[in-house]
Structure formats: structure tokens, C-alpha cells
Amino acid sequence: MEIIFDINEEELPIFLAEVDEHLQALDDSLIRLESGEADPELVQIVFRAAHTIKGMSGMIGHQRMTDLTHAMETVLDGVRKNTIQINSRLINVCLDAVDHLRMLRNEVSESQTCDVDMNDIVIALKDLIGADEKAPAAGQVSNQQQAAVDSSANLKVDAPKGTFHVRAKIDIKSMASAARAFQLMMALQDVGEIQEMKPTQAEIESSTAIEDFSAVVRSEQDFEEIRSALMRISGVNEIYINGKSVLADEAEASVPEPQAEQAESPAATPAAGKQSAWAKDISGERRAHNPFGRRNTDMTIRMNVERLDNLVNLVGELITDRNHLKQIHSRLTRMNSNYDKISETILHLGRITDELQEEVMHIRMLPLSSVFGKFPRMVHDMSRKVGKKIDIVIRGEKTEMDRSMLEEINDPLIHLVRNSVDHGVESPSDRLAAGKPERGTITLTARHEQGRIILTVEDDGGGINAAKLRASAVEKGMITPEEAALLTEEQSVDLMFMAGLSTAQKVTDISGRGVGLDIVNNNIQRINGSISVETHLGRGTSFIITLPLTLAIVPSLLVKVRQTTFAIPLVMITETFLLKKSEIKYVYQKPVTMLRESVLSLVKISEVFSLPKIEAGTQDTFAVVVQSGKQRIGLVVDELVGEEDVVVKPLGAFIGDIPGISSAAILGEGQVALIVDVFGLFKLAGI
-13 MEIIFDINEE
-3 ELPIFLAEVD
7 EHLQALDDSL
17 IRLESGEADP
27 ELVQIVFRAA
37 HTIKGMSGMI
47 GHQRMTDLTH
57 AMETVLDGVR
67 KNTIQINSRL
77 INVCLDAVDH
87 LRMLRNEVSE
97 SQTCDVDMND
107 IVIALKDLIG
117 ADEKAPAAGQ
127 VSNQQQAAVD
137 SSANLKVDAP
147 KGTFHVRAKI
157 DIKSMASAAR
167 AFQLMMALQD
177 VGEIQEMKPT
187 QAEIESSTAI
197 EDFSAVVRSE
207 QDFEEIRSAL
217 MRISGVNEIY
227 INGKSVLADE
237 AEASVPEPQA
247 EQAESPAATP
257 AAGKQSAWAK
267 DISGERRAHN
277 PFGRRNTDMT
287 IRMNVERLDN
297 LVNLVGELIT
307 DRNHLKQIHS
317 RLTRMNSNYD
327 KISETILHLG
337 RITDELQEEV
347 MHIRMLPLSS
357 VFGKFPRMVH
367 DMSRKVGKKI
377 DIVIRGEKTE
387 MDRSMLEEIN
397 DPLIHLVRNS
407 VDHGVESPSD
417 RLAAGKPERG
427 TITLTARHEQ
437 GRIILTVEDD
447 GGGINAAKLR
457 ASAVEKGMIT
467 PEEAALLTEE
477 QSVDLMFMAG
487 LSTAQKVTDI
497 SGRGVGLDIV
507 NNNIQRINGS
517 ISVETHLGRG
527 TSFIITLPLT
537 LAIVPSLLVK
547 VRQTTFAIPL
557 VMITETFLLK
567 KSEIKYVYQK
577 PVTMLRESVL
587 SLVKISEVFS
597 LPKIEAGTQD
607 TFAVVVQSGK
617 QRIGLVVDEL
627 VGEEDVVVKP
637 LGAFIGDIPG
647 ISSAAILGEG
657 QVALIVDVFG
667 LFKLAGI
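The working numbering numbers the first residue of the sequence shown as -13 and each following residue consecutively.
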């Protein structure tokens, strides 16, 4: 059934983003509370998130969401006051409530009612309060807030220490002026306890336009802290604290805005710096106050992704022209011509382009917390389902990646985490029998390393049995017994990435069907990444994913083969060396060479792409060593041209897919370079 809420198209995406942020924070904080992290501020964060969603839903007329968050808020208020104890039952009921809130959130995005009955979850929340207490009706507020006063008539500068009389005049023309009053209330609750307030909370939540706001606040904070909290709210024309105009002080002193400190939370994922939907700064004069705790509130804007992509493409064209100018400069220098002015201009253009490229790429960067944040709740729910006790540890969630990379890596990480829960970590009884702690641990780690992103999914489970993998592959006809006998332990473990191979004793709705890890491998390779496995029986398994920082501009090594230029992504290269023709040997008619007492398989680019043959001679060549997981091959090329950032261009429908080639790039001289698909070359070489 269609349902209509009091919100326009412009405000809708902002509302949804804010609700998603608070729902994610509820998930994260509740999981942390369940793990025994007894932090009063954590309880306060959960309460504020529910409280904020309640206010936001009330403003658009979503009564079911308001009722549910109010029941949840009442429970959390009891936790704050130590009248309700935190236990597994409370956490699970609250998490179920968060799931229901997500369904109600979708009612707003889809304008369709969901079929789920909310009565059961509301009753479950009220049961937590106890038989002696009843959850008050939605919209009811404390007696302190109901005892409203007209602060404008009673303000005194010489108020008792710790008491602040606040009066504000809201711009009635601003977007959602009632929301400004709500923001003022939330800001004051952040720094103290509201003794009296007019209008009341119930009146704020039921109004659409509010001009006058007044409150009496008890706080241990000083005047500047109160002032700072209120100054972050836009759409307010006048603010008085104990009779003193703080906006006048702001205009006279021109004091820069105070920067909010960023709260540290291992599994927290709300995007830093987002403005509240109800505090969108129309005038641009002050930063909006974020009602959800003291997180980083650096000035940000919401940008259409298509516009951002167009900007990246324009920067790419600029880089191409810069490279072209460098080539011209190099030619002029070789001619011993005196072109000092041109040289200076080209060098300056190069610096500016580099800085612009760096800034634009940073715009596209997002912290991995936006992906990692979902896993604490996921592990909590799945471990309960399979009867295991599993903790999750997240490290490096502030590591940044290109947003397009984040979207691509999401599904592979979900597969790996699900696999660790279902197959990696043992049951509590098996762990105790093995002398391990009853609770298992899954660790997600992200870090920057030499211009790459390294992601690790690690568990302390039973490890992978390579012998079972070989036997399963033979049984399914994927390899012959003779081939299995020749495999090393590492090669045997890599069999798990073959489609249809699984050693699971039973199939569950989580995993075990033999699909997933091959998809993980293919998806990671598609974005020029690689995955490897480290495992130890009885101690656990680590999946290590290596990724480039971005897909738009790729640092590459340019090489030439038969006058054709190829670009090999630097992220895939481990080393290069001079390869003498006398050093090339053949094993089973395949070229190899010795590299530090190890046999290195060689792939001749000229043969793979059927390039014209040249007369046999004694000219030496070069080998570019590339790596996929733990496998290495040497790409044989005629010449090493040099390193260059190349702008990735698709091959287009007219050319179509070329095995071993992922895309193309236009170089400085106007030449087209083919960007090598390293993983495709591994397949073409049969390695």
C-alpha cells in the first residue's frame, strides 16, 4: 500500500542518509555493549541515536517509526539510569528493533508500507522495562521539560553557577525551522541537563514552524562550551546565554569555528563530517551541529557521483596533455635549444597537475569503515545462528579507498567473513577440546603499503586441510591423482578458489555449496587485485587481499614489444631484470629461467598477442616479474620505457574484449598503450 510522508524530494536523500548513519551506529554500539565494553558514553551514544531517529521520524509524520524508537528510547533511558541491566536478551531485542527500524526506513524510501507487524517488537521492548513500569506514550517527555517557562521574560545574567538561561530566535524562513529547535534541544542535552524548555519536546516534534526557543540548563561545562555547541547550528538569527548575545560576539571577534574531536570507535562506521538532514546550512555561515555525539564535523558537501566522475575524467585528460608536454620538452632539450621559459612553464604545469590529481583522487576516497561497519552485526547474527561464540576485531577502518573500489570489494569481504564464521572458527566444544578459548576471533585489517591497499580477513579457527582439498578436487574430477601428487601445500590450498570445490561436510544457508571463493577471486582480479591464503592447521587462516588505490589513474611501467607499447600496472610488479637469451631454457616446451635459485616461468608477450616475428639475433631482452597471490611469472619484453601514470580508457564495444588486455591509455606523444591484464596472462599461460 502506498504511503506518503511529509518530506520533499530534496530532503529525502538527506533524511535517509542520516537515518542510515544512526542505525549503523546503533548496530555498532549495541555489539560493543554486548562484548562487555561498559562505557557510560557508549550507552549515551545509543540513546542519542534512538532519540534522534525518533525526532526525525516525528517531523515527517512516520508514527510507527516514532512509536518504536520511543519504546526503544525508554529502555535505553533505564539503562542510563541503571534501573535496567545490560544483558544478552536486552541487546538482542534492541538489535531486532534496529532491524524493524530499517524496514520502516524503507517505507520512506519506497513510499510503500511493509507487511511486518511492529506490535511484537514494541511489546518485547516494554517487557524489558519490567512489570512495574510502563513505557510512556510516544511523544511524552519528562516533567522537567514539560514545566515550560518563558525564558525571554526571566533571563538573568547573574544566574547560579552551573545554570544557563538560553534564548534563541530561529529564522522562520529556514528549511524546517522546527528542526532547528530540535537541534538546539539536542545540543543542550549534549552539554548538560535541561531543567525547563519552551516549546516542549512534544510541541517541537508536532510542529512545523517554531520561531522562539528558550531553556534553562544545568551543566558542568563553562560558557564557551555551551556557546560552542549552539554556534554550530544554522538557521538561527539570535542566541542569548544568560542575557548575552553570542552571535554578536561571533561577528565582532570573527573567531574560527571550533573543530569537533573525532570519537574513536573500533567498529564505528558513521561517515565523518556529514551534516544533519535537519541542519543543512543554507546560509553557509556556520557548520551544522551533529546531534550524534562529538564526531568530526569538518565542512562537507554532498556531490552527485556523476559530476565527480566527470571531474576525474577531466583531470585524466589534463594528465595526458601534461605527459605530452613533457615529451615535447624532452625532445627540445635533446636539440640543445634554449627554451628556459617553456621549461619553467612545463615544470609548473606538472606540479599543479600533480597537486590537482592528488586532491581530486582524495575527493573520491572514503574510509573503509563504511564497509567494515556492517560486519560486527553480521558476525553477531551468523554466530548465533550456527551456535558459535565469535568476536570480531577491526583494525585500520580509517584507511581510505576510492569509492568505486569500496563498492567492488564489498561482496568479496562478505563472502570471506561468512566463510570464516561457518568453516573457519570451530564450535565452542571443539575449541575447548583443542585447548582454545571458547570464543573465537575474526580479525579484519586494512593498511596502506607501498601505494597499495592490503586487506586481511583472519580467523583463529582450525585452519585448512590441504589434503582434504586435494582429495575433494580429485573426487570431483577437477584434477587427476597424478596432478594432485605434484601439488605443494600452497598450491593445494589455492584449489579452494576453483568453482564448485568445497570440503564442507554439510550445506548451510551461509556457505558450503562450493560457490563463493571462486567468485571472490574473480571479482578481486577484475579490479587488478590479488588474493592469497596463509593457513596453519589448528591455528587459523588468513586471506590477504592486495588492491590498487584507484582504478581511474594507474601508475604503470611502460614497455615495448615489437614497437607496440604496453602498460603493466606497478601494483602487480615485484621486480625487473635484464634477461639474456642464453639464460632462457625450456621445460616441457615452455620457457623458464633461473632467478635466485628458483625456477621462473616466462611468458613472451610477443607470442601471446601474435606480434610480428623478428629475425633471430643475440639482442638481450628484459623480464618483468609480476605476481598473483604466491605465483610469479616473468613477462618477456624488448624494452623498458619508464614509469608513468596512465589514464584508463575502456576498449569500447567496437574492439570488444581482448584476452590479456584490460583497457587502454593515451600517452603523452599521442600513442595508445594497451594496459596488460596480468591475471589474464596467467590464464593464457596456463599457470
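Cβ atoms here follow ideal geometry from the backbone N, Cα and C, with glycine treated the same way.
The model shown is predicted, which means the values in this text are computed figures rather than measured ones.
May I ask which residues mark the beginning and end of the alpha helix (DSSP H) holding residue i?
i	result
Gln187	187 to 192
Pro541	Where Pro541 is concerned, there is no enclosing alpha helix (DSSP H), although the beta strand (DSSP E) it sits in stretches over 539 to 547.
Val519	Unbroken run through Val519 is the beta strand (DSSP E), 516 to 522; no alpha helix (DSSP H).
Thr60	49 to 66
Ile400	389 to 405
Val460	452 to 461
His366	361 to 372
Ala35	26 to 45
Asp377	Asp377 -> not in any alpha helix (DSSP H); beta strand (DSSP E) instead, spanning 376 to 381.
For residue i, which three-state DSSP category applies?
i	result
Gly302	helix
Ser528	strand
Met104	coil
Ala83	helix
Pro598	coil
Arg425	coil
Gln726	For residue 726 there is no data in the structure shown, the boundaries of the chain being -13 and 673.
Glu250	For Glu250, the predicted structure reports a pLDDT of 36, less than 50, and the residue's modelled location is therefore unreliable. A value from the coordinates is still provided. Three-state DSSP puts Glu250 in coil, outside helix and strand.
Gln10	helix
Thr579	strand
Pro636	coil
Glu476	helix
Asp445	strand
Thr331	helix
Gly336	helix
Pro414	helix
Pro731	What the structure shows of the chain is the stretch from -13 to 673, and residue 731 is not part of that stretch, so it cannot be assessed.
Gly666	helix
Leu430	strand
Phe(-9)	coil
Residue range of the beta strand (DSSP E) that residue i falls in?
i	result
Gln181	179 to 184
Ala609	607 to 614
Leu586	584 to 590
Pro353	351 to 353
Leu653	Careful: Leu653 lies outside any beta strand (DSSP E) and carries neither H nor E.
From residue i to residue j, what distance separates their C-alpha atoms?
i	j	result
Gly22	His522	30 Å
Ile0	Gln49	19 Å
Lys371	Glu469	39 Å
Glu444	Ala471	28 Å
Gly507	Leu621	Looking at the sequence shown, residue 507 is not Gly but Asn. Rounded to whole angstroms, Asn507 to Leu621 spans 22 Å at the Cα level.
Val547	His8	55 Å
Ser231	Asn223	11 Å
Leu81	Asp13	7 Å
Lys599	Ala459	40 Å
Gly336	Asp295	22 Å
Asp340	Asp631	10 Å
Gln343	Val633	11 Å
Val664	Lys635	17 Å
Leu441	Val407	18 Å
Ile644	His334	38 Å
Met45	Glu210	30 Å
Thr550	Ser587	23 Å
Arg213	Gln30	22 Å
With a threshold of 16 other CB atoms inside 10 Å of the CB of residue i, please say whether the residue is buried or exposed.
i	result
Asp53	buried
Ile349	exposed
Ser415	exposed
Tyr574	exposed
Thr560	exposed
Ile227	buried
Lys184	buried
Ile109	exposed
Asp208	exposed
Leu660	buried
Met(-13)	exposed
Glu629	exposed
Ala195	exposed
Ser163	buried
Which complete beta strand (DSSP E) runs does the segment 201 to 235 hold, if anything under 3 residues is left out?
222 to 227
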